[in-house]
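S.K.:
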Amino acid sequence: MFQLTEQQKQLQKELRSYVDREILPLAGDLDVSGVFPSDLFRRIGAAGYLDLNFYHQRPGAKYNCLESVIILEELARGLPSLGLSMSPHVQCQNLIALHGADSLKKRVVPGAIRGEQLLGFAISEASGGSDALGIDTTAVFDGDGWVLNGEKCWITNAGAATGYIVAAKSAVSERSRDVSLFYVAADTPGLDDSERAPLIGMNNSPTGTVRLDNCKVPADCLVGRENAAYGLIKVLLNEGRLDMTALAIGTAQSAMECAIRYSSSTGRYGRSLSSYQGISFPVSRMYEKIFVARSTMYHVAALFESQARVSAEVAALKLFASEMCLEVCRSAVQIHGAQGMKLHNRAERCFRDAQMLTISEGSSEVCQIVISGKLYHAEQGGS
Ligand SMILES: Cc1cc2nc3c(=O)[nH]c(=O)nc-3n(C[C@H](O)[C@H](O)[C@H](O)COP(=O)(O)OP(=O)(O)OC[C@H]3O[C@@H](n4cnc5c(N)ncnc54)[C@H](O)[C@@H]3O)c2cc1C
Numbered sequence: 022m023f024q025l026t027e028q029q030k031q032l033q034k035e036l037r038s039y040v041d042r043e044i045l046p047l048a049g050d051l052d053v054s055g056v057f058p059s060d061l062f063r064r065i066g067a068a069g070y071l072d073l074n075f076y077h078q079r080p081g082a083k084y085n086c087l088e089s090v091i092i093l094e095e096l097a098r099g100l101p102s103l104g105l106s107m108s109p110h111v112q113c114q115n116l117i118a119l120h121g122a123d124s125l126k127k128r129v130v131p132g133a134i135r136g137e138q139l140l141g142f143a144i145s146e147a148s149g150g151s152d153a154l155g156i157d158t159t160a161v162f163d164g165d166g167w168v169l170n171g172e173k174c175w176i177t178n179a180g181a182a183t184g185y186i187v188a189a190k191s192a193v194s195e196r197s198r199d200v201s202l203f204y205v206a207a208d209t210p211g212l213d214d215s216e217r218a219p220l221i222g223m224n225n226s227p228t229g230t231v232r233l234d235n236c237k238v239p240a241d242c243l244v245g246r247e248n249a250a251y252g253l254i255k256v257l258l259n260e261g262r263l264d265m266t267a268l269a270i271g272t273a274q275s276a277m278e279c280a281i282r283y284s285s286s287t288g289r290y291g292r293s294l295s296s297y298q299g300i301s302f303p304v305s306r307m308y309e310k311i312f313v314a315r316s317t318m319y320h321v322a323a324l325f326e327s328q329a330r331v332s333a334e335v336a337a338l339k340l341f342a343s344e345m346c347l348e349v350c351r352s353a354v355q356i357h358g359a360q361g362m363k364l365h366n367r368a369e370r371c372f373r374d375a376q377m378l379t380i381s382e383g384s385s386e387v388c389q390i391v392i393s394g395k396l397y398h399a400e401q402g403g404s
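So the sequence shown is numbered by the numbering used here: it starts at 22 and just counts up by one.
#1: Less than 7 angstroms between the beta carbons of residue 101 and residue 347, yes or no?
#2: Check whether the Cβ of residue 228 sits closer than 6 angstroms to any heavy atom of ligand 1, and report yes or no.
#3: Considering residue 203, what are the terminal residues of the alpha helix (DSSP H) in which it resides?
#4: Tell me, please, whether the region 115-133 touches the region 162-171 by the rule of three or more beta-carbon pairs shorter than 8 angstroms.
#5: Note the first and the last residue of the continuous beta strand (DSSP E) segment covering residue 191.
#6: Thinking C-beta only, is residue 180 closer than 7 angstroms to residue 65?
#7: Just the C-alpha distance for residue 382 and residue 343, rounded to the nearest angstrom, thanks.
#8: If the criterion is Cβ atoms closer than 7 angstroms, does the pair residue 318 and residue 161 meet it?
#9: Considering only DSSP beta bridges, list what residue 213 is partnered with.
#10: Would you call the CB atoms of residue 183 and residue 228 closer than 7 angstroms?
#11: In three-state DSSP terms, what is residue 239?
#12: Assign residue 173 to one of three DSSP states: helix, strand, or coil.
#13: Enumerate, from N- to C-terminal direction, the unbroken beta strand (DSSP E) stretches of 3 or more residues contained entirely within the region 96-144.
#14: Looking at the unbroken beta strand (DSSP E) that takes in residue 416, where does it start and where does it end?
#15: Provide the residue span of the alpha helix (DSSP H) that contains residue 326, from first to last.
#16: Following a CB-centred definition, is residue 142 positioned closer than 6 angstroms to any heavy atom of ligand 1?
#17: What did DSSP end up calling residue 261 once you bin it into helix, strand or coil?
#18: Between the C-alpha atoms of residue 108 and residue 210, what's the straight-line distance to the nearest angstrom?
#19: Is there contact between the region 353-369 and the region 75-92, where contact requires at least three CB pairs shorter than 8 angstroms?
#20: What residue range is occupied by the uninterrupted alpha helix (DSSP H) comprising residue 23?
#21: If you draw a straight line from the C-alpha of residue 41 to the C-alpha of residue 196, how long is it?
#22: CA-CA distance, residue 96 and residue 380?
#23: Residue 164 and residue 240 - do their beta-carbons sit closer together than 7 angstroms?
#24: Taking residue 270 and residue 311 to be in contact with their CB atoms under 8 angstroms, please state how far apart those CB atoms are, rounded to whole angstroms.
#25: Rounded to a whole number of angstroms, what is the C-alpha to C-alpha distance between residue 219 and residue 145?
#26: List the endpoints of the continuous alpha helix (DSSP H) containing residue 345.
#27: Does the region 244-252 come close enough to the region 196-206 that 3 or more CB-CB pairs lie under 8 angstroms?
#28: Do residue 186 and ligand 1 come close, with the Cβ less than 6 angstroms from some heavy atom?
#29: Using 6 angstroms as the cut-off, classify the Cβ of residue 151 as near or not near the heavy atoms of ligand 1, replying yes or no.
#30: Excluding sequence positions up to five away, which residues of its chain have a Cβ less than 8 angstroms from the Cβ of residue 338?
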């Protein structure tokens, strides 16, 4: 049986009241505005909530993996799109801290942890994000730096980020797994991140295109070894799936709280809505599913900390949690009746945000490919 320590329960409580005080009162207006909340992001950094850690442990990080998912879940309960922006930011910051040159670390990592810099992770291209190796972006070493050309789609934090980690293929090798990662500052000449993709939800996490047109970066911007980023990307995809799970659970929790509040404070035909089992039973099912997803998330976070191989486990968890979140949010909207159709109310916002979680960081179909791949590989005698 998995149990949080007293310290972890205290952290959860601290985050819950932080969100009630600092985020929920702003969340509705922020959703209408559609802007990235840079002040809030800086405050979160100043509070230490960006000093997170996932699979590969960054020396000196304030929070371990389990504590990090608690923080992400609780912040997403206030504003899911804030959690969506934090996910690639923290991944990039930790990647540079662990695999970047010392000079690059100094330029980026401290400011990122404090929330003074915002990072984006650019892998997906127009040919289809489900194939993480379907990369046409190129990087060529020209004697004193790397020149990048290509176009990345659906990039979280595009237009708001101060820098991106870009996956590219260097001309040295054409093998499909030979991918390299580069840090590209957003103000590098030739980088254009001005095109935003308007989406149905996650309004405060800008998503857009990052174009690289003869974009030259210094030699120290190669993160990790040339042609050897495939292993890092696999770990980052797993981390991203754990992050999306935390977001799904926080979003579902938020929707359930709205459903409980609305149904217990609203009367129909002389009774509160919650006195009808047709309303209170769906709320019980919400609790059941959130409880199962959260308990499993803690378990998988503990597996991350032990550096276990987790691809199938985290894919199963992300699949369950993101689909569960969509179902819980839909049910919360239903309980609100016509009120649930009002744009920008909290349940409706959660419902729109939830749909994105079934697609980003490995869609539900891709998660099933990962799980079935492992099961059939084991059947054929693999480990
Ligand atoms: C909100 C949001 C934020 C994102 N942020 C980032 C980011 O920061 N960085 C980044 O690099 N990318 C990002 N992405 C892109 C994301 O990773 C891709 O959208 C995702 O991987 C799916 O790729 P695609 O949209 O190109 O769909 P496609 O790969 O074109 O797939 C289309 C559909 O086909 C299904 N499908 C694909 N292959 C198979 C198959 N073999 N079998 C069965 N079904 C299949 C998919 O599940 C999907 O339903 C983001 C996307 C969203 C929605």
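Even glycine gets a Cβ: it sits at the ideal position worked out from N, Cα and C.
M.R.: Answer, in terms of the structure:
#1: no
#2: yes
#3: Not the alpha helix (DSSP H): residue 203 falls in the beta strand (DSSP E), residues 201-206.
#4: no
#5: 184-191
#6: no
#7: 11 angstroms
#8: no
#9: 232
#10: no
#11: strand
#12: strand
#13: 140-143
#14: No information on residue 416 is available, as it lies outside the stretch 22 to 404 that the chain covers here.
#15: 298-326
#16: yes
#17: helix
#18: 26 angstroms
#19: no
#20: Neither: residue 23 is in no alpha helix (DSSP H) and is coded neither H nor E.
#21: 50 angstroms
#22: 20 angstroms
#23: no
#24: 6 angstroms
#25: 17 angstroms
#26: 332-356
#27: yes
#28: no
#29: yes
#30: 262, 263, 266, 314, 317, 318, 321
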